[in-house]
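Colleague: Under numbering that gives the first Met the number 0, the residues of the sequence shown are numbered 0 to 74, in order. Backbone N, C-alpha and C fix where the C-beta goes; we use that ideal spot for every residue, glycine too. Just so you know, these numbers come straight off a predicted model, no measurement behind them. Can you keep this structure in mind? I'll have questions shortly.
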Amino acid sequence: MPFGLLAAILSLVHVLPVHFNERPYYGVTGFLIAVLTIPFFGLILGILNWIYLNFGSFVYRCVLKMLKIEEKRND
């Protein structure tokens, strides 16, 4: 998010363009494009993180089963 906001501000003051569909955008248009893409990047990174954590949990459970270590349950 901080990099998206930095890109938005730099685009707003015509220092650095925001590239969208291989076209540079400056000013208010570049600012809006940069700000509107922030939630999409957050969503994509959140989904990827969820996938990696679930895969790690699956591998961890498989290793524990192979080592025949039983989980301690507080019943």
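1. By the three-class DSSP mapping on this structure, what secondary structure does Val17 have?
2. How about Phe30 and Ser10: are their beta carbons less than 7 Å apart?
3. Looking at C-alpha atoms only, which residue of Phe54, Val27 and Phe57 is the closest neighbour of Val14?
4. On the three-state DSSP scale, how would you describe Tyr24?
5. Does DSSP put Lys67 in a helix, a strand or coil?
6. Would you say Tyr24 and Val17 are within 7 Å of each other, going by their C-beta atoms?
7. Write down the C-beta distance between Ile37 and Met0 rounded to the nearest angstrom, noting that I regard them as a contact closer than 8 Å.
Modeller: To lay it out plainly:
1. strand
2. yes
3. Val27
4. strand
5. coil
6. yes
7. 6 Å
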